[in-house]
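**Student:** My questions all concern the structure below.
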Amino acid sequence: MPSIFNKLRKKKCFNFMELPAELKIKIVYLAVSIPSSKELMRPFTRENFYTTARSLALVSRITREIVMPFLLDTVILDSQDSISRLVNSVRLQKKMATNPRFATHCHYPFKVDYPKRVKAIWASRCPEPLPGHVWGEYQDPEYRVLYECFANAKTLGLNFNALHLLYEVLGMSTHEQQLPGWKPKRVVLAGDLIRWNTLTQSVVGQLFLGSITHLTIWVGERREELSIDNAAVANWINAVPFKNMDNLTHFAFTLIRAQEQADFPLMVFILPGQNGSKFRTWEEAGYRKPMNATVFLDWAWEFSEKGTVFGWILWWSFDPSAAGDVRPDLWEMAFARGEHDKYWKNTKADAGRAGSGSQGQELVQHHRH
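Under full-length UniProt numbering, residues 1 to 369 are what the sequence shown spells out, in order.
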């Protein structure tokens with residue numbers, strides 16, 4: 001009687017490579033996709049963020065070609081080592097691209113245009129200067145490589161502790177009055193040490209602020225005196241340099257929450273006439289003429305003092321462990337999951353579920369702090 005091992009050897013194994021290309025791409029996509037906070041069966045941290053994608057990239061040339069776009073879709077720069085790896089990878093690709101031996105794809109099957117593949121970048125902190133670099137010396141080749149990656153991304157996310165890294169990258173601009181090839185219009189800022197001087201007191205910083213159309217600010221501030229259904233507007237909003245943001249049309253920010261509250265109350269504002277706005281026209285919002293982004297500050301305090309809601313208040317299920325102090329890696333994972341884009345999509349439809357308009361006023365009592 002043949003053993004079970006002989007039977008297994010005779011059985012034809014499933015051949016992944018024989019599947020249609022569309023199905024292979026779909027399977028790989030599901031394998032490397034980042035689960036939502038509600039779907040997590042285990043802690044999803046920066047350590048295992050790239051694990052599956054990296055493993056699949058090593059299986060074969062074909063799986064690598066499929067995985068790389070997903071692997072580079074969102075880049076997390078949380079250390080000097082992660083920055084160096086990105087810089088070295090881009091420089092290696094550039095070197096290969098200029099080598100006659102690898103002039104065509106068939107001779108260089110591992111060719112990847114990193115800057116064009118990166119859609120979102122998150123920086124957690126400002127590391128020590130790169131080897132041989134001194135802050136303020138804008139001719140550093142490593143930072144020119146980073147500029148290319150940052151400039152091609154659709155969205156930038158930064159912990160406030162990483163703003164100086166952004167400043168150094170912006171310093172690579174080859175033009176004094178503009179940021180050549182700069183594409184990111186959506187920006188997410190997070191953390192508790194809120195600072196703006198790095199951007200407001202430099203020409204490149206002001207150019208960056210003027211390019212933003214969608215701004216999100218996540219601050220994990222809590223107050224013991226607030227009940228679990230209450231939220232408040234924080235005073236840090238007064239320092240947001242709206243006057244430098246000529247193109248800003250969308251603004252979302254976390255409100256102060258109760259000490260034991262895990263979910264975040266999130267205020268979402270969209271200027272009248274913009275897609276997803278609560279108002280079709282400025283007249284409908286009560287204004288005789290169009291206003292600039294500074295109106296967001298007025299709207300925030302209108303809500304705080306009178307309860308007037310010019311946007312929507314959404315209860316954001318951030319992370320079950322976020323009832324306490326928010327660790328930096330939780331901001332990273334929220335960004336990696338694309339939480340910053342979800343409340344811009346179908347805002348009106350989502351608002352009823354999450355609590356907005358008159359519902360929002362009932363769910364969130366207003367307090368000024």
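All C-beta atoms, glycine included, are put in the ideal place defined by N, C-alpha and C.
Beta carbon of T254, beta carbon of V219: below 7 angstroms?
**Tutor:** Residue 254 sits at position 254 when you count from the first residue of the sequence shown. Residue 219 sits at position 219 when you count from the first residue of the sequence shown. Yes, the pair counts as a contact, with Cβ atoms nearer than the cut-off.
**Student:** So what's G276 in DSSP terms, helix, strand or just coil?
**Tutor:** Translated into the one-based positions of the sequence shown, residue 276 becomes position 276. Reduced to three states, the DSSP call for G276 is coil.
**Student:** Does DSSP put P241 in a helix, a strand or coil?
**Tutor:** Indexing the sequence shown from 1 puts residue 241 at position 241. Correct three-state label for P241: coil.
**Student:** To the nearest angstrom, report how far apart A239 and L71 are at their CA atoms.
**Tutor:** Taking the sequence shown and counting its residues from 1, one reaches residue 239 at position 239. Taking the sequence shown and counting its residues from 1, one reaches residue 71 at position 71. If you take the alpha carbons of A239 and L71, they lie about 36 angstroms apart.
**Student:** In whole angstroms, what is the alpha-carbon distance linking S211 and E18?
**Tutor:** One-based indexing of the sequence shown puts residue 211 at position 211. One-based indexing of the sequence shown puts residue 18 at position 18. Roughly 46 angstroms separates the two Cα atoms.
**Student:** Should A336 go down as buried or exposed, given a rule of 16 or more other Cβ atoms within 10 Å for buried?
**Tutor:** Translated into positions along the sequence shown, residue 336 becomes position 336. Label assigned to A336: buried.
**Student:** Select from F296, D113, S277 the residue whose C-alpha is nearest the C-alpha of I217.
**Tutor:** As a working mapping, residue 217 is identified with position 217 in the sequence shown. Nearest C-alpha to I217: F296.
**Student:** Could you please give the first and the last residue of the uninterrupted alpha helix (DSSP H) stretch that includes T52?
**Tutor:** By 1-based counting over the sequence shown, the position of residue 52 is 52. Segment 51-57, the alpha helix (DSSP H) holding T52.
**Student:** Would you call the region 284-294 and the region 178-196 touching, i.e. three or more CB-CB distances under 8 angstroms?
**Tutor:** Verdict: no, contact absent.
**Student:** Just the C-alpha distance for N15 and T52, rounded to the nearest angstrom, thanks.
**Tutor:** Here residue 15 is taken as the residue at index 15 of the sequence shown, counted from 1. Here residue 52 is taken as the residue at index 52 of the sequence shown, counted from 1. About 19 angstroms.
**Student:** Using DSSP's beta-bridge definition, name the partner residues of W301.
**Tutor:** Here residue 301 corresponds to residue number 301 of the sequence shown, with the count starting at 1. DSSP lists no partner for W301.
**Student:** Just to confirm the assignment, what range does the beta strand (DSSP E) spanning L266 have?
**Tutor:** Here residue 266 refers to the residue found at position 266 when the sequence shown is read from its first residue. From DSSP, the beta strand (DSSP E) with L266 extends over 264-270.
**Student:** Taking the continuous alpha helix (DSSP H) assigned at A234, which residues delimit it?
**Tutor:** The sequence position of residue 234 within the sequence shown is 234, counting from 1. Neither: A234 is in no alpha helix (DSSP H) and is coded neither H nor E.
**Student:** Am I right that N159 and G205 are in contact with their C-beta atoms under 8 angstroms? What's the rounded C-beta distance?
**Tutor:** Position 159 of the sequence shown, counted from the start, is the residue given in the question as residue 159. Position 205 of the sequence shown, counted from the start, is the residue given in the question as residue 205. Going by Cβ atoms, the distance from N159 to G205 rounds to 17 angstroms, so no, they are not a contact pair.
**Student:** Taking 7 angstroms as the cut-off, decide whether the C-beta atoms of A153 and V203 are in contact.
**Tutor:** Position 153 of the sequence shown, counted from the first residue, corresponds to residue 153. Position 203 of the sequence shown, counted from the first residue, corresponds to residue 203. Cβ distance not < 7 angstroms, so A153 and V203 don't count as in contact.
**Student:** CA-CA distance, M172 and Y147?
**Tutor:** As a first step, residue 172 is located in the sequence shown; it is residue number 172 there, counting from the start. As a first step, residue 147 is located in the sequence shown; it is residue number 147 there, counting from the start. Each residue's Cα considered, the two are about 6 angstroms apart.
**Student:** Between D246, K26, A262, M267, which has its C-alpha nearest E302's C-alpha?
**Tutor:** As a working note, residue 302 is residue 302 in the sequence shown. It is M267 whose Cα lies nearest to the Cα of E302.
**Student:** Go ahead and pull the three-state DSSP assignment for G311.
**Tutor:** Locating residue 311 in the sequence shown gives position 311, counting from the first residue. The answer is coil: DSSP assigns G311 none of H, G, I, E or B.
**Student:** Count the other CB atoms within 10 Å of the CB of E168; is the residue buried (16 or more) or exposed (fewer)?
**Tutor:** Translated into positions along the sequence shown, residue 168 becomes position 168. Result: buried.
**Student:** Around the C-beta of V188, are 16 or more other C-beta atoms found within 10 angstroms, so that it is buried, or is it exposed?
**Tutor:** The residue labelled residue 188 in the question sits at position 188 within the sequence shown. It is buried - the Cβ of V188 has at least 16 other Cβ atoms within 10 Å.
**Student:** Whose C-alpha, out of L199, T281, F264, is nearest the C-alpha of V244?
**Tutor:** For the purposes of this step, residue 244 is identified with residue 244 of the sequence shown, where counting begins at 1. The sequence as given places Asn at residue 244; Val does not occur at that position. Among L199, T281, F264, the Cα nearest to that of N244 belongs to L199.
**Student:** With a CB to CB cut of under 7 angstroms and the five nearest residues on each side skipped, what residues in its chain are close to T249?
**Tutor:** As a first step, residue 249 is located in the sequence shown; it is residue number 249 there, counting from the start. Result list for T249: T213, I270, L271, Q274, in chain order.
**Student:** Taking DSSP as the reference, what is the three-state secondary structure of L215?
**Tutor:** The residue given as residue 215 occupies position 215 in the sequence shown. Three-state DSSP puts L215 in a strand.
**Student:** With a threshold of 7 angstroms on Cβ separation, who are the neighbours of L23 within its own chain once the five nearest residues in sequence on each side are excluded?
**Tutor:** Mapped onto the sequence shown, residue 23 falls at position 23. Correct list: empty, nothing qualifies.
**Student:** With respect to the beta strand (DSSP E) encompassing A190, which residues constitute its N-terminal and C-terminal limits?
**Tutor:** Against the sequence shown, residue 190 aligns to sequence position 190. From DSSP, the beta strand (DSSP E) with A190 extends over 186-190.
**Student:** Checking the sheet assignment: what are the DSSP bridge partners for V204?
**Tutor:** Indexing the sequence shown from 1 puts residue 204 at position 204. DSSP, once it has assigned bridges, lists no residue as partnering V204.
**Student:** I think L215 touches F264, with their Cβ atoms under 8 angstroms apart; what is that distance to the nearest whole Å?
**Tutor:** For the purposes of this step, residue 215 is identified with residue 215 of the sequence shown, where counting begins at 1. For the purposes of this step, residue 264 is identified with residue 264 of the sequence shown, where counting begins at 1. Actually they are not in contact, since the Cβ atoms of L215 and F264 sit about 16 angstroms apart, beyond 8 angstroms.
**Student:** Please go through the same chain and pick out, in chain order, the residues whose beta-carbon is closer than 6 angstroms to the beta-carbon of D113, but skip the five residues on each side of it.
**Tutor:** What you label residue 113 is simply residue 113 of the sequence shown in a count that begins at 1. If we look at D113 and ignore the five residues flanking it on each side, it has no Cβ neighbours.
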